[in-house]
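In my numbering, the protein residues as written are 6 to 264.
Every residue gets a Cβ at the ideal spot worked out from N, C-alpha and C, and that includes glycine.
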């Protein structure tokens, strides 16, 4: 199956934090095929990140792009998406580490076994969403723990770290909505658009990706940015957008899905 998985375009956003970027890159390279590509979009890093990325001599395709000026996550992802040529697009944050050699092959297999899947993601630590988080697994009800050992739909808690998106979805749903830039709600918005387009978002808890925990956002994001993004999210999706205690966005009618 691995040899038939198709081309994967990996999109990595960087903004300083070179030590984490090196870990992310060195861990994913062994699972990429010569036909794959990795697209770095650097947001004008002030450390040695650009020199490091420029110096990489990879066995797969590589591109390094930089926006004209500082930009938000949505705009940066769109730069990568416009260039991506793969059958699948992997949003791979620079604070992640691949620890399982069959990560991409296994995630692609989920698509092959679930034709209506639009996004597939792995289990992670330091991530919002009890179904996706390995840390909260033991706190889930027993029936949920039982069904979570396989492929599990999860929404609307959909942070974009380690999303695998199939090209069909990109062509139907389109690019990220940049109105939420510089940071906040871009991925929740895109997840909702994917679901409303008729696709499912699946989490495969058999695959784990190490997440060091929002290294970039912790350094640059403030409460005002998040408040502005949340306000825009409400305006776009009202009256069906509501927040529960804790601030995680949920959308009426999309919180549960019966198969």
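Quiz item: Can you tell which of 167, 130, 77 has its C-alpha closest to the C-alpha of residue 109?
Solution: 167
Quiz item: Closest to residue 209 by CA distance: which of 37, 124, 10 is it?
Solution: 124
Self-check item: For residue 203, the nearest candidate out of 174, 95, 92 (CA to CA)
Solution: 174
Self-check item: Residues of its chain near residue 51, where Cβ-Cβ distance is below 8 Å and the 5 sequence neighbours each way are ignored
Solution: 21
Self-check item: Secondary structure of residue 122, DSSP reduced to three states
Solution: strand
Self-check item: Bridge-paired residues (DSSP) for residue 168
Solution: 96
Quiz item: For residue 85 versus residue 191, is the C-beta spacing smaller than 7 Å?
Solution: no
Practice problem: Return the chain-ordered list of same chain residues with a C-beta closer than 6 Å to the C-beta of residue 34, the five sequence neighbours on each side being excluded. | Solution: none
Quiz item: Does the separation of the CB atoms of residue 106 and residue 36 fall below 7 Å?
Solution: yes
Quiz item: Candidates 194, 215, 71, 206: which alpha carbon is nearest residue 240's?
Solution: 194
Self-check item: Identity of the residue in 205, 10, 53, 42 nearest residue 23 by Cα
Solution: 53
Quiz item: For the region 14-88, which segments carrying the beta strand (DSSP E) assignment without a break, of at least 3 residues, lie completely within its bounds, in sequence order?
Solution: Entirely contained in the region 14-88, the beta strand (DSSP E) runs reaching 3 residues are, in chain order, 42-47, 66-70.
Exercise. Report the rounded CA-to-CA distance for residue 206 versus residue 64, giving the unit in angstroms.
Key: 31 Å
Quiz item: How big is the Cα-Cα spacing for residue 8 and residue 114?
Solution: Because residue 8 sits at a pLDDT of 46, beneath the cut-off of 50, its placement in the model cannot be relied upon, and the following sentence gives the value as read from the coordinates. In a straight line, the C-alpha of residue 8 is about 11 Å away from that of residue 114.
Quiz item: Should residue 127 and residue 214 be called a contact, given that it needs their Cβ atoms to be closer than 7 Å?
Solution: yes
Practice problem: Kindly indicate which three-state DSSP category residue 111 falls into: helix, strand or coil? | Solution: helix
Practice problem: Output yes or no for whether 7 Å exceeds the beta carbon distance between residue 100 and residue 11. | Solution: no
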